[in-house]
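**Q** Add 72 to the 1-based position in the sequence shown for the numbering used here, that's all there is to it. Glycine included, each C-beta is placed from N, C-alpha and C at the ideal position. Let me begin by handing over the structure; questions about it come next.
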Amino acid sequence: MKLCVGLSAAFAGLVAAAQNADVYVVPAPDVSTPGSAPTSLSPSMARLVLLQRLSPGGRGPYVSDFPTDTALEQIVSIVNRFGKAPPPLFAPSGTHDSSQLVVLLEGMSAAQMDEAAQAFKTEPTFTITNPPWGKAHDDLIRKDLRSLGVVNGNECSMAQAFNPLDECWGGKQAAVVRYKVDKDPDSLNHVLRRLSQLSQLGKAGEMETTFVLLPSTSRASSWSQQPSELRRRQAAEQVMASPDKSAQPAAPASWGLDKTLLMASGSRVASCFTSQESCVTATGNCSGHGTCLNKYPKEESSCFACHCLGTRTKSGSLTHWAGATCSKKDVSVAFWLFAGFTVAIVSVLWMAIYMLFDVGQEKLPGVIGAGVSRSK
Numbered sequence: 073m074k075l076c077v078g079l080s081a082a083f084a085g086l087v088a089a090a091q092n093a094d095v096y097v098v099p100a101p102d103v104s105t106p107g108s109a110p111t112s113l114s115p116s117m118a119r120l121v122l123l124q125r126l127s128p129g130g131r132g133p134y135v136s137d138f139p140t141d142t143a144l145e146q147i148v149s150i151v152n153r154f155g156k157a158p159p160p161l162f163a164p165s166g167t168h169d170s171s172q173l174v175v176l177l178e179g180m181s182a183a184q185m186d187e188a189a190q191a192f193k194t195e196p197t198f199t200i201t202n203p204p205w206g207k208a209h210d211d212l213i214r215k216d217l218r219s220l221g222v223v224n225g226n227e228c229s230m231a232q233a234f235n236p237l238d239e240c241w242g243g244k245q246a247a248v249v250r251y252k253v254d255k256d257p258d259s260l261n262h263v264l265r266r267l268s269q270l271s272q273l274g275k276a277g278e279m280e281t282t283f284v285l286l287p288s289t290s291r292a293s294s295w296s297q298q299p300s301e302l303r304r305r306q307a308a309e310q311v312m313a314s315p316d317k318s319a320q321p322a323a324p325a326s327w328g329l330d331k332t333l334l335m336a337s338g339s340r341v342a343s344c345f346t347s348q349e350s351c352v353t354a355t356g357n358c359s360g361h362g363t364c365l366n367k368y369p370k371e372e373s374s375c376f377a378c379h380c381l382g383t384r385t386k387s388g389s390l391t392h393w394a395g396a397t398c399s400k401k402d403v404s405v406a407f408w409l410f411a412g413f414t415v416a417i418v419s420v421l422w423m424a425i426y427m428l429f430d431v432g433q434e435k436l437p438g439v440i441g442a443g444v445s446r447s448k
């Protein structure tokens, strides 16, 4: 009997350890095709997505935060798919980005994971393989998110933490809250009851909520591939820099960027890069509106620059992009259409007036002139 109980416990532990963490974003973005399985991310890649979502405007994850086992093109693609959307280039001055809330639900059993999946009524936005546990979440909040100035929602009530306009947020636009479901099972029910409220906030553009459902596991892992001491020093340096003050962007170099943000810089960008990686990093993957290509076919004379593409909105209108980072709308097509139409109209009017004037200058035929009597 004792042997059966021990084997059952061991089997349950193996199942829990092998279970992935589910991540839901409310409102749900259109990132997957119907019938396909959700994309699985490593803990370090999922951490990068969370950092990008919680970063204030004008800032983002550094290159040092990138997973070392993932290609740069894949990193940029994943952040563009699952991260928050960049602000529009010509947005009115009164507009602001949606607030971001991350909800960590720890120690969930398989039954609780199924209950949450039924409440969301959709597939997970993505999953996390070999999710961390325990102390790793403490390090994520204390060393990584604190440096971004993220509000600790556990210092407020659930109603306050889920309301971005509450005084608990202190005027900031990002917060993280953590609930240990294995110790307080009722917290899961309270969170699921607020899904309709959070969905309405998402549809109104006020707040996007990211739920991270972490299964119960005893596996000791970390969110980041960097050593804990290095991350602690980086967090201390960023806290000393006061995240509320906007730092002046540094002029980007053509190569060798160590701490380039994962977004196009507002300063002048070089017109030629020696490698595709440096072009993608400096231009923010051409602001998501193009791709970095080599202008010259020969490798010894590499010159990578942004090749801008067109994007089509939901209404069907096509937008062309231009500039060194493909961040400016290309209005040349509209300009030449307007200029060509204006020239055509002016030409038609000029020809009509010229024809009328030319007809008036013609002499009358002799037959008509013979019937006209001279005045005495």
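Look at the Cβ atom of Thr197, then the Cβ atom of Pro101, and state whether they are nearer than 8 Å.
**A** yes
**Q** Whole angstroms is fine: what's the gap from Asn92's alpha carbon to Lys207's?
**A** 18 Å
**Q** If I measure Cβ to Cβ from Thr155 and keep anything under 8 Å in the same chain, skipping five residues before and after, which residues do I get?
**A** A small fix is needed here, since residue 155 is Gly in this sequence, not Thr. These residues qualify, in order along the chain: Val121, Gln124, Arg125.
**Q** Quick check: what's the CA-CA separation for Gly382 versus Lys401?
**A** 10 Å
**Q** Flag this pair as yes or no: are the beta carbons of Cys364 and Phe376 separated by less than 8 Å?
**A** yes
**Q** Which residue marks the beginning of the beta strand (DSSP E) containing Gly382, and which one marks its end?
**A** 382-384
**Q** In three-state terms, what does DSSP make of Tyr368?
**A** Assignment of Tyr368 by DSSP, reduced to helix, strand and coil, places it in the coil class.
**Q** Does DSSP put Phe138 in a helix, a strand or coil?
**A** coil
**Q** Our contact map puts Ser288 next to Asp254 with C-beta atoms below 8 Å; I'd like the distance itself, whole angstroms only.
**A** Right, the Cβ-Cβ distance comes to about 6 Å (below 8 Å), so this counts as a contact.
**Q** Quick one: grab the DSSP three-state call for Cys378.
**A** strand
**Q** Residues in the same chain with beta-carbon distance under 6 Å from Gly179, minus the five sequence neighbours each way, listed in chain order, please.
**A** Lys252, Val253, Asp254, Ser288
**Q** Given this structure, state the Cα-to-Cα distance separating Asp169 from Ala246, to the nearest angstrom.
**A** 11 Å
**Q** For the stretch 110-117 and the stretch 135-142, state whether three or more C-beta atom pairs, one from each stretch, are separated by less than 8 Å.
**A** yes
**Q** Please state if the CB of Glu349 and the CB of Val97 are separated by a distance shorter than 8 Å.
**A** no
**Q** Out of curiosity, what's the CA-to-CA distance linking Ser259 and Gly395?
**A** 50 Å
**Q** Look at the Cβ atom of Val222, then the Cβ atom of Val248, and state whether they are nearer than 8 Å.
**A** yes
**Q** Rank Gln190, Phe345, Leu270, Ala354 by C-alpha distance to the C-alpha of Val174 and give the top, closest one.
**A** Leu270
**Q** Tell me the rounded alpha-carbon separation between Arg265 and Gly356.
**A** 38 Å
**Q** Grouping DSSP H, G and I as helix and E and B as strand, with all else coil, what is Leu237?
**A** coil
**Q** The alpha helix (DSSP H) with Arg153 in it runs from where to where?
**A** 144-154
**Q** Checking 8 Å against the spacing of the C-beta atoms, do Phe234 and Val95 come in under that value?
**A** no
**Q** So, is the C-beta of Tyr134 closer than 8 Å to a C-beta in chain B?
**A** Among the chains of the structure shown, chain B does not appear; only one protein chain is present.
**Q** On the DSSP bridge assignment, give the partners of Ala416 in chain order.
**A** BP columns for Ala416 are empty, so no partner.
**Q** Have a look at Leu220, Cys398, Gly274, Gln232 and flag the residue whose alpha-carbon is nearest the alpha-carbon of His361.
**A** Of the listed residues, the one whose Cα sits closest to His361 is Cys398.
**Q** Based on DSSP bridge pairs, tell me the residues matched to Trp422.
**A** Answer by DSSP bridge pairing: none, since Trp422 is not bridged.
**Q** Do you know how far the Cα of Asp238 is from the Cα of Ala188?
**A** 26 Å
**Q** Any idea if His379 is buried or exposed, counting beta-carbon neighbours within 10 angstroms, 16 or more meaning buried?
**A** A residue is called buried when at least 16 other Cβ atoms come within 10 angstroms of its Cβ; His379 does not meet this threshold and is exposed.
**Q** In chain order, which continuous runs of the alpha helix (DSSP H) of length 4 or greater are located wholly inside the stretch 158-237?
**A** 182-192, 207-211, 230-233
**Q** Consult DSSP for Asp258 and reduce its assignment to one of helix, strand or coil.
**A** helix
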